[in-house]
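Asker: Input: one structure, supplied below.
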Amino acid sequence: MSWAAPDDIFFSTSLAAYLDKKLLVLLRDGRKLMGLLRSFDQFANAVIEEAYERVIVGDLYCDIPLGLYIIRGENVVLIGELDVEKEELPAQMVQVSEAEIKKAQKAEKEEMLLKGLMRKRMEFLDLDKLAILFEDREVAELYKVIMCVCVCV
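What follows is the structure, encoded as structure tokens:
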């Protein structure tokens, strides 16, 4: 297989440009993997060396080492080169252990679930439907506020 010449206008669309460079790979499930691209094929399956998964929750992060990692091309959303000379993370980010980040992930997941449940409970408070029911938008808004207070308590 021959690779595109450097003066080829489509060179940037080929993964060959990223061989032996540090990459960020975003997967369909939301995971972020980083490492050195060592090989790939026509299906965008990739072999990443010194790979690690970066997990970020709020201002906390953890790099979980994976070693040599094979990524199936159909799971790749984005691949981008990382500048090795630039700082990867903002200064306020705090590195924590794998156990701590898993605990933070669990708490974040529970919080999102709770927000979803609260949103579902409030769906019946559609102002347009309430305005028709009460024949007055101001009364409907007042009813919505009262119901929000009752549900939250």
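Mapping of the sequence shown onto full-length UniProt numbering: position 115 corresponds to residue 115, and the numbering continues sequentially without gaps.
We treat Cβ as the ideally placed atom computed from N, Cα and C, and that holds for glycine.
#1: With DSSP collapsed to three states, give me the class of Arg28.
#2: Any chance you could list the beta strand (DSSP E) runs of at least 3 consecutive residues sitting entirely within the UniProt domain "Sm" (10-85), in chain order?
#3: So, with DSSP's three-state summary, where would you put Met1?
#4: Round the Cβ separation of Lys21 and Glu85 to the nearest angstrom and send it over; I've been treating them as touching at under 8 Å.
#5: Just confirm the distance between the C-beta atoms of Tyr69 and Gly30, as a whole number of angstroms; I'd bet it's less than 8 Å.
#6: Are Glu98 and Cys62 closer than 8 Å when you measure CB to CB?
#7: Would you decide whether Leu89 is buried or exposed? Buried here means 16 or more other CB atoms lie within 10 Å of its CB.
#8: Looking at the structure shown, is Gln92 part of a helix, part of a strand, or coil, going by DSSP?
#9: Classify Glu110 as helix, strand or coil using the three-state DSSP reduction.
#10: Short check: CB of Leu23 to CB of Ile79, under 8 Å?
#11: Is Leu60 near Ala46, with beta carbons less than 8 Å apart?
Answerer: From the atom records:
#1: Looking up residue 28 in the sequence shown gives position 28. Coil at Arg28, not helix or strand.
#2: 22-27, 32-40, 46-57, 60-71 and 76-81
#3: Here the question's residue 1 lines up with position 1 in the sequence shown. Here Met1 scores only 46 on pLDDT, less than 50, and its place in the model should not be relied on; the value that follows carries that caveat. Coil.
#4: On the sequence shown, residue 21 is found 21 positions in, with the first residue counted as 1. On the sequence shown, residue 85 is found 85 positions in, with the first residue counted as 1. The pair is not a contact, with the Cβ atoms about 13 Å apart (cut-off 8 Å).
#5: Your numbering for residue 69 matches position 69 in the sequence shown. Your numbering for residue 30 matches position 30 in the sequence shown. About 16 Å separates the two Cβ atoms, so there is no contact after all.
#6: In the sequence shown, counting from the first residue as 1, residue 98 sits at position 98. In the sequence shown, counting from the first residue as 1, residue 62 sits at position 62. Against a cut-off of 8 Å, the Cβ pair of Cys62 and Glu98 comes out as a contact.
#7: For the purposes of this step, residue 89 is taken as residue 89 along the sequence shown, with counting starting at 1. It counts as exposed.
#8: Counting from 1 along the sequence shown, the entry for residue 92 is found at position 92. Coil.
#9: Here residue 110 refers to the residue found at position 110 of the sequence shown. Correct three-state label for Glu110: helix.
#10: As a working mapping, residue 23 is identified with position 23 in the sequence shown. As a working mapping, residue 79 is identified with position 79 in the sequence shown. Yes; because the gap between Cβ atoms is below 8 Å, this pair is in contact.
#11: Within the sequence shown, the letter at position 60 stands for residue 60. Within the sequence shown, the letter at position 46 stands for residue 46. Cβ distance not < 8 Å, so Leu60 and Ala46 don't count as in contact.
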